[in-house]
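Step one of this worksheet: look at the structure below.
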Amino acid sequence: SKTITDVVCPFCGTLCDDLIVTTDDDGKKILGVDNACAIGAEKFVHSSDHSHRVTRPRKMQEDGSFKEITYEEAIEHTATILAKAKKPLMYGWSSTSCEADSVGHEIAELCGGIVDNTAAVCHGTTLIAVQNVGIPSCTLGEVKNRADRIIFWGCNPAHAHPRHMSRYSIFPRGYFTGKGAKQRKIIVVDPRPTDTSTLADVHLQVEQGYDYELLQALRAAIRGEPLVGDVIAGVPKETVYEAAEILKSGRFGVIFFGMGVTQSLGKDHNIDAAICLTKDLNDYTKFSIVAMRGHFNVTGSGQVLGWQFGFPYAVDLSRGFARYNPGETGAIEVLKRQEADAVFVLGSDPGAHFPMRCVKEIARLPSVAIDPHITPTTEICDVHVPVAFVGVEVGGNCYRMDNVPIEARKVVEPPEGMMSDYQFLSAVLDRVKELKAN
Ligand code: SF4
Numbered sequence: 001s002k003t004i005t006d007v008v009c010p011f012c013g014t015l016c017d018d019l020i021v022t023t024d025d026d027g028k029k030i031l032g033v034d035n036a037c038a039i040g041a042e043k044f045v046h047s048s049d050h051s052h053r054v055t056r057p058r059k060m061q062e063d064g065s066f067k068e069i070t071y072e073e074a075i076e077h078t079a080t081i082l083a084k085a086k087k088p089l090m091y092g093w094s095s096t097s098c099e100a101d102s103v104g105h106e107i108a109e110l111c112g113g114i115v116d117n118t119a120a121v122c123h124g125t126t127l128i129a130v131q132n133v134g135i136p137s138c139t140l141g142e143v144k145n146r147a148d149r150i151i152f153w154g155c156n157p158a159h160a161h162p163r164h165m166s167r168y169s170i171f172p173r174g175y176f177t178g179k180g181a182k183q184r185k186i187i188v189v190d191p192r193p194t195d196t197s198t199l200a201d202v203h204l205q206v207e208q209g210y211d212y213e214l215l216q217a218l219r220a221a222i223r224g225e226p227l228v229g230d231v232i233a234g235v236p237k238e239t240v241y242e243a244a245e246i247l248k249s250g251r252f253g254v255i256f257f258g259m260g261v262t263q264s265l266g267k268d269h270n271i272d273a274a275i276c277l278t279k280d281l282n283d284y285t286k287f288s289i290v291a292m293r294g295h296f297n298v299t300g301s302g303q304v305l306g307w308q309f310g311f312p313y314a315v316d317l318s319r320g321f322a323r324y325n326p327g328e329t330g331a332i333e334v335l336k337r338q339e340a341d342a343v344f345v346l347g348s349d350p351g352a353h354f355p356m357r358c359v360k361e362i363a364r365l366p367s368v369a370i371d372p373h374i375t376p377t378t379e380i381c382d383v384h385v386p387v388a389f390v391g392v393e394v395g396g397n398c399y400r401m402d403n404v405p406i407e408a409r410k411v412v413e414p415p416e417g418m419m420s421d422y423q424f425l426s427a428v429l430d431r432v433k434e435l436k437a438n
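Numbering follows the numbering used here, with no gaps: position 424 of the sequence shown is 424.
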């Protein structure tokens, strides 16, 4: 058997880079995965079991069944619908490499498409807030080595980012945090008790939809200003003051926040307030704020769009230049208004996460889905192209939730003859160029 060290886990935005993967001598089958959490390990083990995988592209027939086609046919089909379309929607980009994203966006530019990523349904509001008020942030390494005050707001890393707490935020002993968890005070803000809140020194059980009020109350409490009323956003006034004192008395604190606050009432205004709270806390101590990004390379998708077009998501290229107006140019709005005339999905599953109106629209339009798995999206698209798992069967660059780029490694061979996202997109790009030239 062979042992590969320093493997990056391509499941969640924590991008743990200390995995050890054991494969058979031929590098075809994964025999074991050390250091990963249960969901990370499952991604590796599951991908090397080829028995359940689709290994060739499939095209939907009139009766709804699928017929196997070649990669060449899939490339021709994809290039043709994209080249013919006036405003194709190209959505996803989060569970793939930055290299693949870059090629996909080039196709979108050539075809005058809309490019949007999964921030549309998670941290898009964060990206808007960052543009509004900036962001005082730091790396997860700084959290491990320096942070003695941690807030988890609207997130449950015990389930969604299982090793976050042991590698970076609660338990590890770092350079200035030699006592690990004993040295840290933890505040969890969540309407419900969760497995993360059981680890908290203070659980602020905010009333559902009142995060904005609680954030502003904390800002006032930190300055010692009087709070009106005995209970604020479902939290007793004394507890708000207690939490404010805990935050001010630390040497270095971090707010981690998730979709419980980005997608609840208030949306980007919640994140504006959370960033302003972080800025206020810097009058008393050192504080940073970090988004708990979900899909493993969703951060990288925003980065690549940023380099190429200046905006991190919801980019409309249909006028020959980049326009960005979330709420108008995002995938969900474009589908609802029935503005797109073709759909291309890669590295995400809008069939499982978009409103039903949008899912029906994807099913109605000429469409292609690129995904290693069979998903609700692949089942409604005209063509499904299976590809190698990025970070398992093909390497590539990706960005951790704190915007640190990390190179993912290949640990096993993909099924024979299977293309990667990057190879498929590069072939489609070449063909689109030919079709446009003619
Ligand atoms: Fe993978 Fe996330 Fe688990 Fe780390 S915490 S092993 S990145 S799924």
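Quick reminder that beta carbons are idealized off the backbone N, C-alpha and C, glycines included.
Among the options, whose alpha-carbon lies nearest the alpha-carbon of residue i?
{"i": "residue 200", "options": "56, 153, 210 and 228", "result": "153"}
{"i": "residue 197", "options": "234, 13 and 159", "result": "159"}
{"i": "residue 283", "options": "249, 309 and 271", "result": "249"}
{"i": "residue 273", "options": "125, 8, 314 and 82", "result": "125"}
{"i": "residue 427", "options": "104, 403, 3 and 1", "result": "104"}
{"i": "residue 146", "options": "178, 161 and 281", "result": "178"}
{"i": "residue 380", "options": "222, 69, 192 and 63", "result": "63"}
{"i": "residue 193", "options": "144, 207 and 184", "result": "207"}
{"i": "residue 97", "options": "166, 49 and 9", "result": "9"}
{"i": "residue 405", "options": "43, 14 and 5", "result": "14"}
{"i": "residue 169", "options": "292, 351, 390 and 44", "result": "292"}
{"i": "residue 211", "options": "121, 224 and 188", "result": "188"}
{"i": "residue 370", "options": "39, 24, 71 and 28", "result": "71"}
{"i": "residue 129", "options": "2, 217, 374 and 268", "result": "268"}
{"i": "residue 29", "options": "353, 165 and 1", "result": "1"}
{"i": "residue 204", "options": "190, 363 and 257", "result": "190"}
{"i": "residue 349", "options": "131, 95 and 42", "result": "95"}
{"i": "residue 363", "options": "186, 335, 256 and 372", "result": "335"}
{"i": "residue 346", "options": "340, 389, 148 and 337", "result": "389"}
{"i": "residue 7", "options": "432, 409 and 316", "result": "409"}
{"i": "residue 443", "options": "69, 123 and 376", "result": "No statement about residue 443 is possible, as the shown extent of the chain runs from 1 to 438 and does not include it."}
{"i": "residue 45", "options": "21, 67 and 310", "result": "21"}
{"i": "residue 425", "options": "49, 78, 68 and 120", "result": "78"}
{"i": "residue 40", "options": "391, 246, 175 and 423", "result": "391"}
{"i": "residue 279", "options": "254, 403, 312 and 259", "result": "254"}
Cβ of residue i within 7 Å of any heavy atom in the ligand SF4?
{"i": "residue 32", "result": "no"}
{"i": "residue 36", "result": "yes"}
{"i": "residue 104", "result": "no"}
{"i": "residue 15", "result": "yes"}
{"i": "residue 40", "result": "yes"}
{"i": "residue 155", "result": "no"}
{"i": "residue 12", "result": "yes"}
{"i": "residue 164", "result": "yes"}
{"i": "residue 161", "result": "yes"}
{"i": "residue 398", "result": "no"}
{"i": "residue 98", "result": "no"}
{"i": "residue 122", "result": "no"}
{"i": "residue 9", "result": "yes"}
Round the Cβ separation of residue i and residue j to the nearest angstrom and send it over; I've been treating them as touching at under 8 Å.
{"i": "residue 343", "j": "residue 89", "result": "5 Å"}
{"i": "residue 411", "j": "residue 23", "result": "6 Å"}
{"i": "residue 74", "j": "residue 436", "result": "Going by Cβ atoms, the distance from residue 74 to residue 436 rounds to 19 Å, so no, they are not a contact pair."}
{"i": "residue 106", "j": "residue 429", "result": "6 Å"}
{"i": "residue 202", "j": "residue 218", "result": "Actually they do not touch by this definition, with Cβ atoms about 12 Å apart."}
{"i": "residue 133", "j": "residue 276", "result": "6 Å"}
{"i": "residue 87", "j": "residue 340", "result": "6 Å"}
{"i": "residue 222", "j": "residue 281", "result": "7 Å"}
{"i": "residue 184", "j": "residue 135", "result": "Actually they do not touch by this definition, with Cβ atoms about 22 Å apart."}
{"i": "residue 413", "j": "residue 395", "result": "With 8 Å as the limit, residue 413 and residue 395 do not qualify as a contact, their Cβ atoms being about 13 Å apart."}
Does the beta carbon of residue i fall short of 7 Å from some heavy atom of the ligand MG?
{"i": "residue 431", "result": "Because the ligand MG does not appear in the structure shown, any question about it cannot be addressed here, the ligands present being the ligand SF4."}
Are any of the Cβ atoms in chain B nearer than 8 Å to that of residue i?
{"i": "residue 109", "result": "No chain B is part of this structure, which consists of one protein chain only."}
When you compare the stretch 275-293 with the stretch 315-332, are there three or more beta-carbon pairs, one atom per stretch, that lie closer than 8 Å?
Three or more Cβ pairs closer than 8 Å define a contact, and the stretch 275-293 falls short of that threshold against the stretch 315-332.
Any contact between the stretch 389-405 and the stretch 297-304? By contact I mean 3 or more CB pairs, one from each, below 8 Å.
yes
Using a Cβ distance threshold of 8 Å, determine whether the stretch 52-64 contacts the stretch 385-394, with at least three qualifying pairs required.
yes
Whether or not the stretch 227-239 and the stretch 259-267 are in contact is what I'm after, with contact meaning three or more pairs of Cβ atoms, one per stretch, closer than 8 Å; do they touch?
no
Taking one C-beta from the stretch 324-331 and one from the stretch 111-119 each time, how about it: are there three or more such pairs within less than 8 Å?
yes
Spell out a yes or no on whether the stretch 28-40 and the stretch 355-374 are touching, meaning 3 or more CB-CB pairs, one atom from each, closer than 8 Å.
Counting Cβ pairs under 8 Å, fewer than three are found: no touch.
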